[in-house]
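Remarks on the structure that follows.
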Amino acid sequence: MSWLLPAVVAIPVLGAGLTVLVGRRLLLQRLITVASVGFVLVAAVLLLISADSGSPQVAQIGGWTAPAGITLVADRFAAIVLTVSAAMLVVVLVYAMSQLGRDALDWWFHAKYLVLTAGVALSLVTGDLFNLFVGFEIMLIASYVLLTVRAQQDEVRATMSYVVINLVASSLFLVAIAFVYTTTGTLNLADLSRELAAVDPAIRSGLGLLMLVVFGIKAAIFPLFMWLPDSYPTAPTPVTAVFAGLLTKVGVFVIIRTQTLLFSQEGPSDLLLFVAGATMVVGVLGAIAQNDIKRILSFHIVSQIGYMIMGLGFLSIAGLAAAILYITHHIVVKTGLFLVGGLVEAEHGTGALDRIGGVLHRRPVIAAMFLPLALSLAGIPPFSGFVAKLSLLQEGIALDRWLIVAVSLAVGLLTLFSMTKIWGGVFWGERTEAQGHASGGMVGATALVVALSVSVALFAGPIAGLAERAASDLLDPAIYSGLVLGGR
Amino acid sequence: MSLVTLAVAAVLFAVGTYLILQRMLSRVIIGLGLLSHGANLLIMLAGSGPASPPVLGVGSSSGSIADPLPQAMVLTAIVITFGITAFLLALALRSYLLTGSDAVEDDIEDRRVRRAHRPDGDESAEASAGATS
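Chains as they are written, first to last, in this note's numbering: chain G, 1 to 488; chain D, 1001 to 1133.
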């Protein structure tokens, strides 16, 4: 079954080529795209089942054994994130295909979307530092093109800074790769976790910090987040939704992977906890100052990243399990919120709070979908965000980290405040007339995300158990390196 | 020899960083190119020195064989940077055609802050200032 690992990357790339080959036959393009993304979802679920039943899949490309060849690994952590990401990719694809009129897809959307899928999948399953760079670049190049679909002035301006910042980060990544290679003579993550343990601690923490900066730019943590709230809101809704749900989370995934596997340390990390707290506070304060649905939600991405880094900062099984749970919940909820924002924009032509009102009375179904997602984001019981936040807080209290606990509670309150701001501005108030219409497919896709978010809360027990098993794998680097290198 | 390469990499980083901080898009793009050249040189340097070639079965003759892995990596990185630079140039051209200037535009937040601190709140002066800067 290990052939599934290269397939989750290769099938979307092949699909992308095919959609270009079939030219302007829309039905064929759609079929190929749905089949490819659907395949990734099915493969991800199979990989997750396989990983959780104690036999995680490992593929050595070209048959070269581990430190020399390229390794692909789907351990529990990678399989969980891949499954949730693939599910969101499928749903957003349905939403994108249902868009009408001005927002209807251009001919090349499918190819770009599939390349993005391949990039996300490769970044998640790769077991090699340089291959990770390639995965990131595939993902980013697709995202650059998706951001500039309409090539309007605002999009060009936002994409310009997005590309420049990401290219600087990629250059830094190359520098980090050069340093790691000079120090250890290997780039295989499993091999590195063994080699780096023997390296001088000063050099090791230097490399760890450099990687934290590189992936921190991709994950938009404090103080490297400035590019995000500016570039995301200008893109079309499905693009923003998928970026918001997936791209920064891939960055967080890699931060967690490298900090636990390569640069693990004993006990909570003060640096990570400080970064987590600052990210939360700055993000939520930025959100409160905004006056547009998508811009508010974009700042909330930053704020929520803080919670995931907080879970990592505890560097304990319960903390990491909470972080994994938070990532799972966040990918679903954030994608859903942006889709709801897109529905409002599709009907009113704007996302500015002061120019919309009364959506609750005109389209109660949109309001009904917004409410559980918004409450979940703020961490109100019984929604999924509550489950994730509760486990974070419990661990914080258990470790006597009262400051970060207090900060995260306060940020939760401010999150609720800015959600009520959207609610008051968009759903209550004077009724404004619609200029467009959100199609049934768009509403249906959004409803599916809401259902998924609610089911994360319903099945919180099993999911938390899975997250805990994944976390205990993460905390013991020997498990990962044993998986890839065998019992050497 | 490798000290010279290291110095060249350092100069490339310095010049690249300086150019990225400029307001002209064309300079920013040249700066990015230089920066990634610096990173590529560093990877080439990583191949010499303590790292032993990871080619299977050459353990004894490693003294006479160059490590092929950094070269393969640099080749990949060059291709990727080439693609992105081409894309950036197209984007810069589009930006020039849309705004008539080569400068980096202020982001929405910056414009809002500047407007909030303008005592008379003159929107037309703001607009013309934005177009010429």
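Every residue gets a Cβ at the ideal spot worked out from N, C-alpha and C, and that includes glycine.
Do S384 of chain G and A323 of chain G have their C-beta atoms within less than 9 angstroms of each other?
no
Taking the alpha carbon of V45 of chain G as the reference point, which residue from G:A78, G:T65 and G:M211 has its own alpha carbon closest?
G:A78
Would DSSP call Q29 of chain G helix, strand or coil?
Here Q29 of chain G sits in helix by DSSP.
As a quick exercise: from G:A478, G:P6 and G:M97, pick the residue whose alpha carbon is nearest that of T260 of chain G.
G:A478
Contact list for the segment 164-180 of chain G against chain D, Cβ threshold 9 angstroms:
V164, N166, L167, V168, S170, S171, L172, F173, L174, V175, I177, A178, F179 and V180
For Q60 of chain G, the residue or residues it bridges with in DSSP:
G:T71
Give the interface partners of D473 of chain G over in chain D, defined as CB-CB distance under 9 angstroms, in chain order.
In chain order: nothing, as chain D lies at least about 27 angstroms away.
Output, in sequence order along the chain, the residues in the segment 109-135 of chain G whose CB is closer than 7 angstroms to any CB in chain D.
Against chain D - using a Cβ distance shorter than 7 angstroms - the residues of the segment 109-135 of chain G are F130 and V134.
Distance check for Y1096 of chain D and Y95 of chain G, CA to CA, integer angstroms please.
34 angstroms
Can you give me the C-alpha to C-alpha distance between Q57 of chain G and G306 of chain G, rounded to a whole angstrom?
31 angstroms
Run through chain G and tell me which residues come within less than 7 angstroms of S1002 of chain D, C-beta to C-beta.
Ordered by position in chain G, no residue passes the 7 angstroms Cβ test against S1002 of chain D, which lies about 11 angstroms from the chain.
Verify the CB distance criterion: does L151 of chain G have a CB-CB separation below 9 angstroms to chain D?
The amino acid at residue 151 of chain G is misidentified as Leu; the sequence shows Ala. The beta-carbon of A151 of chain G is placed less than 9 angstroms from the nearest beta-carbon of chain D.
Closer than 9 angstroms to chain G by CB, A1051 of chain D
Confidence in A1051 of chain D is poor, its pLDDT being 48 and thus under 50, which makes the residue's placement unreliable; the coordinate value appears in the next sentence. With 9 angstroms as the cut-off, A1051 of chain D counts as an interface residue toward chain G.
Under 9 angstroms, Cβ to Cβ, is there at least one residue of chain G near S1026 of chain D?
no
Looking at the C-beta of F1134 of chain D, does it have a partner C-beta in chain G at a distance below 9 angstroms?
The first residue shown for chain D is 1001 and the last is 1133, placing residue 1134 of chain D beyond what the model contains.
CB contact check: L312 of chain G to chain D, cutoff 9 angstroms
Against chain D, the CB of L312 of chain G has no partner CB under 9 angstroms away; the residue lies outside that interface.
In chain D, which residues lie with their C-beta within 7 angstroms of the C-beta of E137 of chain G?
Here the neighbours are I1080.
Rounded to the nearest angstrom, what separates E1126 of chain D and R1112 of chain D at their Cα positions?
Confidence at E1126 of chain D is low in this model, with a pLDDT of 45, below 50, so its placement is unreliable and no value can be given for it.
Closest to R1094 of chain D by CA distance: which of G:S303, G:A151 and G:S193 is it?
Measuring from the Cα of R1094 of chain D, the nearest candidate turns out to be G:A151.
Kindly indicate if chain G contains any beta-carbon less than 9 angstroms away from that of L1088 of chain D.
yes
Quick one: list the residues of chain A neighbouring S1101 of chain D, beta-carbon separation under 7 angstroms, in chain order.
Of the protein chains in this structure, namely G and D, none is chain A.
Can we say the segment 428-436 of chain G touches the segment 348-355 of chain G, given the rule of at least three CB pairs closer than 8 angstroms?
For the pair of segments examined, the segment 428-436 of chain G was found to touch the segment 348-355 of chain G: the number of CB pairs separated by less than 8 angstroms reaches three.
Considering G482 of chain G, what are the terminal residues of the alpha helix (DSSP H) in which it resides?
Segment P477 to L485, the alpha helix (DSSP H) holding G482 of chain G.
For the alpha helix (DSSP H) containing T335 of chain G, name the first residue and the last one.
I317 to H348
Per-residue burial, H361 of chain G [other beta carbons within 10 Å of its own, 16 or more giving buried]:
Answer is exposed; the Cβ neighbour count stays below 16.
Below 9 angstroms between beta carbons: does that hold for A352 of chain G and V359 of chain G?
no
Output needed for V164 of chain G: all residues of its chain with C-beta closer than 8 angstroms, excluding positions within five of it in sequence on either side, in chain order.
When the five nearest sequence neighbours on each side are left out, no beta carbon in the same chain lies closer than 8 angstroms to the beta carbon of V164 of chain G.
Indicate whether at least one CB of chain D lies closer than 9 angstroms to the CB of R157 of chain G.
Output row for R157 of chain G: interface = yes.
Contact under 9 angstroms by Cβ, G396 of chain G with M280 of chain G:
No. Outside cutoff.
Pull out every residue of the segment 220-254 of chain G whose Cβ sits closer than 7 angstroms to any Cβ of chain D, in chain order.
For the segment 220-254 of chain G, which is checked against every Cβ of chain D, the residues closer than 7 angstroms are D230.
Should G342 of chain G and A241 of chain G be called a contact, given that it needs their Cβ atoms to be closer than 9 angstroms?
yes
With 16 other CB atoms within 10 Å as the buried threshold, where does L1021 of chain D fall?
exposed
If you compare alpha carbons, which of G:E266, G:N291 and G:F314 is closest to V275 of chain G?
G:F314
Less than 9 angstroms between the beta carbons of M308 of chain G and V252 of chain G, yes or no?
yes
Indicate whether at least one CB of chain D lies closer than 9 angstroms to the CB of L193 of chain G.
In the sequence under discussion, the amino acid at residue 193 of chain G is Ser, which differs from the Leu named in the question. False, the Cβ-Cβ gap to chain D never drops below 9 angstroms.
Whether I203 of chain G touches T183 of chain G by CB criterion (9 angstroms):
With contacts defined as CB atoms closer than 9 angstroms, I203 of chain G and T183 of chain G qualify as a contacting pair.
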